[in-house]
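First residue of the sequence shown? That's 3 in the numbering used here, and the numbers climb one at a time after it.
Ideal Cβ positions, reconstructed from N, Cα and C, are used throughout, including at glycine.
Quick caveat, the model's predicted, so the values are computed rather than measured.
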Amino acid sequence: MSDTIKCLDQGFVRLVDVMGDDSSIVQAARVSYGKGTKNIRQDKGLIHYLMKHQQMSPFEMVEFKIHCKMPIFVARQWIRHRTANVNEISGRYSVMEDTFWVPSPEDLRQQAKINRQGSIEEAVSEPANSEILKRYSQDIETIFKHYNEYIQKGVAREVARATLPLSTYTEWYWKMDLHNLLHFLELRMEAHAQKEIRVYAEAIAEFVKQKCPFTWEAFVEHRLNAAKFSDSEMAILRNTLKKDGLIDKVLNERKSQLMQNETSELLIQTELAELRSKLTGEKLE
C-alpha cells in the first residue's frame, strides 16, 4: 500500500511515521499484571477485550504522524479534535499557493431540510449547477489574483491572506495517539459527517488497517459498526425478547459465533454472561 493517498481534487494524506503497532498495545496492557508476551491468538483476544470494555490507555502507546493537505474549511472541522500535535503552514511566513478546492457537479449538494447543518446527496439541478461552478471558479481566480497583487504592492503577507477563501488548500503535520485517532475516525467516518472530511478520515483509516490490523478489526466490531441503545430502548428489547422466549436462542447463536472464531472456553463463558446481563438487565454475579 502507498504511504500517500489522494483526497478530493488536490489534497492528500501521507503517512510520515508510526510508533508502535498491535504488539505495543498488548505489551502495555500486560505490564499492568506482570505477564509476558502470549501467542498471536491471545494477543488478538486481548485487544478485542480492551476495545469492548473501553480500556483505551494501552492504545495510546501507538502514535501516527501524518502529512495532510486539505481545504481550510476541512481543516477547521478537523482541528476541533484537540488531542493532536499539529504544525500548519503559515500565511504569515509563506505566500499561499494558488491551490483551491473546486467542487464537482455532484459536490454541489442541496441543503438538508431536516438536518439544518448538513446536506443531502442530491445536487443542485441544471442549469444552476453549471452556472454556479463557472462563477465559483471565476471568483476564486479573481481573489487569488488580487491576493498576489496586494503582496507585490507591499502589503504584508499576514494582512493579504485575510482575503483568501475557505477553499484554499492548507497543509500540516498531524500527530495523534491511536486512542484519540480512533475517536476521530469514529466521528468523521460517520454518515452525518461532511463528505469532504469523511474522505480524509477514510484515507487515514487505511493506514490504521495496515499498521494495526487487530486493533482495526476490534474497532470495527465493538465501536464503528456497533450500536448503542438508550435505557428506554433497552427496556423494549428486553421485554420483547423475554416475552417471545428468544433470550436463549440469542445466546446460542452468539456461542456458535464465538466457537467459529476459535475463542477460548473461558472467554466464551465470560462473553455469554455479559450478553445475558445485557439482554435481561440482571447484574453480573
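Problem - Sequence ranges, alpha helix (DSSP H) only - wholly within the region 32 to 103, length at least 4 - result: Qualifying alpha helix (DSSP H) stretches, in chain order: 42 to 54 and 74 to 80.
Problem - Length of the line joining the Cα atoms of L184 and F221 - result: Mapped onto the sequence shown, residue 184 falls at position 182. Mapped onto the sequence shown, residue 221 falls at position 219. Within the model, the alpha-carbon separation for L184 versus F221 is close to 8 Å.
Problem - Per DSSP, the bridge partner or partners of F14 - result: Position 12 of the sequence shown holds residue 14. Paired residues: K8 and K71.
Handout entry: Range of the contiguous alpha helix (DSSP H) that encloses T165
Key = Translated into positions along the sequence shown, residue 165 becomes position 163. Per DSSP, T165 is not a residue of any alpha helix (DSSP H), being assigned neither H nor E.
Handout entry: C-beta atoms of A195 and I7 nearer than 7 Å
Key = Taking the first residue of the sequence shown as position 1, residue 195 is located at position 193. Taking the first residue of the sequence shown as position 1, residue 7 is located at position 5. The answer is no: Cβ separation not under 7 Å.
Exercise for the section: Please report the Cβ distance between P73 and S169, rounded to the nearest whole angstrom; I am assuming they are in contact, meaning their Cβ atoms lie under 8 Å. Expected result: The count along the sequence shown starts at 1 and reaches residue 73 at position 71. The count along the sequence shown starts at 1 and reaches residue 169 at position 167. Rounded, the Cβ-Cβ distance is 5 Å, consistent with contact.
Exercise for the section: In the DSSP assignment, find the unbroken alpha helix (DSSP H) run with E219 in it and report its ends. Expected result: What you label residue 219 is simply residue 217 of the sequence shown in a count that begins at 1. Run containing E219: P215 to F221, per the alpha helix (DSSP H) assignment.
Handout entry: Residue interval of the alpha helix (DSSP H) (run including A195)
Key = In the sequence shown, residue 195 corresponds to position 193, counting from 1. Here A195 belongs to no alpha helix (DSSP H), and DSSP marks it neither H nor E.
Practice task
Using a threshold of 7 Å, state whether the C-beta atoms of Y171 and A162 are closer than that.
Solution key: Here residue 171 is taken as the residue at index 169 of the sequence shown, counted from 1. Here residue 162 is taken as the residue at index 160 of the sequence shown, counted from 1. No, these two residues do not count as a Cβ contact at 7 Å.
Problem - Proximal residues to V201 (C-beta, below 7 Å), its chain only, five neighbours per side dropped - result: Your numbering for residue 201 matches position 199 in the sequence shown. Setting aside the 5 residues that flank it on each side, V201 is surrounded in the same chain by C9 and L10, each with a C-beta closer than 7 Å to its C-beta; the list follows chain order.
Problem - Outcome for M63 when other beta-carbon atoms lying within 10 angstroms are tallied against a minimum of 16 - result: Position 61 of the sequence shown holds residue 63. So M63 counts as buried.
Exercise for the section: Would you check if the distance between the CB atom of M21 and the CB atom of E65 is smaller than 7 Å? Expected result: Here residue 21 refers to the residue found at position 19 of the sequence shown. Here residue 65 refers to the residue found at position 63 of the sequence shown. E65 is positioned such that its CB atom lies closer than 7 Å to that of M21.
Practice task
Please confirm whether R16 and H50 have their CB atoms less than 7 Å apart.
Solution key: Locating residue 16 in the sequence shown gives position 14, counting from the first residue. Locating residue 50 in the sequence shown gives position 48, counting from the first residue. No, these two residues do not count as a Cβ contact at 7 Å.
Exercise for the section: Give me the Cα-Cα distance between V97 and K147, rounded to the nearest whole angstrom. Expected result: Translated into positions along the sequence shown, residue 97 becomes position 95. Translated into positions along the sequence shown, residue 147 becomes position 145. For V97 and K147, the distance between alpha carbons rounds to 13 Å.
Problem - Inter-stretch contact (C-beta, 8 Å, three-pair minimum) for the region 177 to 193 and the region 224 to 235 - result: The region 177 to 193, when compared against the region 224 to 235, does touch it at the 8 Å Cβ threshold.
Handout entry: Short Cβ contact (7 Å threshold) for R256 with L269
Key = Residue numbering aside, residue 256 sits at position 254 when the sequence shown is read from its first letter. Residue numbering aside, residue 269 sits at position 267 when the sequence shown is read from its first letter. No; because the gap between Cβ atoms is not below 7 Å, this pair is not in contact.
Exercise for the section: Could you tell me how far apart the beta carbons of Q112 and E124 are, in whole angstroms, since I believe they sit closer than 8 Å? Expected result: By 1-based counting over the sequence shown, the position of residue 112 is 110. By 1-based counting over the sequence shown, the position of residue 124 is 122. Contact between Q112 and E124 holds, since their C-beta atoms are separated by about 5 Å, short of 8 Å.
Problem - Distance between N87 and Q212 (C-alpha atoms, nearest Å) - result: Taking the sequence shown and counting its residues from 1, the one referred to as residue 212 is at position 210. Taking the sequence shown and counting its residues from 1, the one referred to as residue 87 is at position 85. Near 22 Å, if we compare the C-alpha coordinates of N87 and Q212.
Handout entry: Check whether T85 and Q12 have beta carbons under 7 Å apart
Key = Indexing the sequence shown from 1 puts residue 85 at position 83. Indexing the sequence shown from 1 puts residue 12 at position 10. It is not a contact, given that the beta carbons lie outside the stated cut-off.
Exercise for the section: Determine the DSSP secondary structure at R118, reduced to helix, strand or coil. Expected result: Locating residue 118 in the sequence shown gives position 116, counting from the first residue. Three-state DSSP puts R118 in coil, outside helix and strand.
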